[in-house]
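Data block below; observations after.
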Ligand SMILES: [Zn+2]
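Residue numbers (this note's numbering): 61 to 440.
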């Protein structure tokens, strides 16, 4: 009886599906309603104005149906209902164009509507795999021009009745990033090429000092110093070393500035750096927990975080680890390789003493530089 009643209640709460489009600056899909300190696990970002079908609702999220068998959760703030949408009986892909301009390679896939998609990086061989949902292939023509420099091959499979999978095989082992957007109803996948020269002098490196302004971060166990101040001190040392080596350095902040994660992401998107290093200091409720760690979200960006961790360990810090699938906002962008460095623990007395020492900031900066340089050399 109870079961029947609850079934009745949940159906009554949501009787009819409706349609709309993604909206806002950085719409994204989550796999489920799970959550931790950094939010739910993300399926990926979407462009705005992408058609979505809402089939259920839960607090701040809509459950959206991507295809017959694929579902995801979309924040309500990233959705705009639209009753004027004229649904087509079916959606089709059409011809592709694979080409390059002076800066990037592109795969343009014509569609009859802006449909949701999700992407993953694969390694060995390096490939980008993009699923487009709710669409059937009518692609019988893939024009490939010699202006491409990074794309080795591009093809597709209709992996489910209404899931169209795009494969893009890269020439280099290392992923340098990509962006997916719509140009009218054409899905455009922009591939970042491996830079022609992997010398620091030729590269633009973004450094993000964590927190700032009213966002204080953690504080020191005994000293009570603020994370936001020490991330900036260390970031400035990293900037100094990289500039000395001839790199172009972009700092997300140079002062005690309030910057949201969306603001940082948009600034970085505009800057189009070759890579990003975010600097934070760790904290734990258990004071014995200590050490250094690096983090990445996507497998194709892992090698940078491994190279930096290897050098950081030369400072005699405990190994806290190399952490993957990490849900940190600035690990989310796919446009450039990125690495979060949690230098050491402010909540551990030994690590804290190191963090307070200006000499240590210079040593950390040198190790981060060395890690970047090792990684660049491994890609030459
Ligand atoms: Zn932090």
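All residues carry an ideal CB built from backbone N, CA and C; glycine is no exception.
- Within the same chain, and ignoring the five residues on either side of residue 386 in sequence, the residues whose Cβ sits closer than 6 Å to its Cβ are 355, 357.
- Taking the C-beta atoms as reference points, residue 108 is found nearer than 8 Å to residue 84.
- Judged by beta-carbon spacing, residue 336 lies beyond the 8 Å limit of residue 352, meaning their Cβ atoms are not closer than that value.
- In the DSSP assignment, residue 127 falls outside any beta strand (DSSP E), carrying neither H nor E.
- If you look at residue 111, you'll find it isn't in any alpha helix (DSSP H); it sits in the beta strand (DSSP E) that goes 111-118.
- Under DSSP, residue 268 forms a beta bridge with 338.
- Counting the other CB atoms within 10 Å of its CB gives residue 149 a total below 16, which places it among the exposed residues.
- By the neighbour-count definition (other C-beta atoms within 10 Å, threshold 16), residue 266 is a buried residue.
- When secondary structure is reduced to three states using DSSP, residue 320 falls in the coil class, being assigned neither helix nor strand.
- Residue 251 carries a strand assignment under DSSP once its states are collapsed to helix, strand and coil.
- Taking C-beta atoms as the reference points, residue 187 and residue 247 fail to come closer than 8 Å.
- Straight across, the Cα-Cα distance linking residue 155 with residue 243 is about 15 Å.
- Judged by DSSP secondary structure, residue 420 falls within the alpha helix (DSSP H) whose first and last residues are 418-438.
- Listed in chain order, the alpha helix (DSSP H) elements of length 4 or more contained wholly in the region 347-382 are 362-372.
- The continuous beta strand (DSSP E) containing residue 178 extends over residues 177-182.
- Pairwise C-beta distances place the region 249-265 in contact with the region 304-319, as three or more of them are shorter than 8 Å.
- At a threshold of 7 Å, residue 278 counts as near ligand 1, since its beta carbon sits closer than that to one of the ligand's heavy atoms.
- Here the alpha carbons of residue 258 and residue 436 stand approximately 6 Å from one another.
- For ligand 1, a non-hydrogen atom lies closer than 7 Å to the CB of residue 287.
- In the DSSP assignment, residue 102 forms a beta bridge with 90.
- Taking 8 Å as the upper bound for CB-CB distance, residue 193 and residue 126 are in contact here, some 4 Å apart.
- Residue 230: member of the beta strand (DSSP E) spanning 223-230, first to last residue.
- Sorting 340, 218, 182 by C-alpha distance to the C-alpha of residue 277 places 340 at the top.
- A Cβ-Cβ contact shorter than 8 Å links residue 165 with residue 208.
- Non-local C-beta neighbours of residue 142 in its own chain, meaning closer than 7 Å and more than five positions away in sequence, comprise 79, 80, 81, ordered along the chain.
- With respect to the 8 Å criterion, residue 344 and residue 405 are classified as neighbours on the basis of their beta carbons.
- Secondary structure at residue 152: strand, using DSSP grouped into helix, strand and coil.
- Rounded to whole angstroms, the gap between the alpha carbons of residue 421 and residue 371 is 14 Å.
- Comparing alpha-carbon positions, the option among 112, 324, 375, 424 lying closest to residue 268 turns out to be 324.
- The shortest C-alpha to C-alpha distance from residue 256 to any of 210, 220, 299 is the one to 210.
- Proximity of the region 311-318 to the region 288-295 meets the contact definition, three or more beta-carbon pairs being nearer than 8 Å.
- Residue 272 places its beta carbon less than 8 Å from that of residue 319.
- When the beta-carbon positions are compared, residue 106 and residue 145 stay at least 8 Å from each other.
- Under the DSSP definition of a beta bridge, residue 310 partners with 266.
- In this model, residue 172 and residue 89 are separated by some 22 Å (Cα to Cα).
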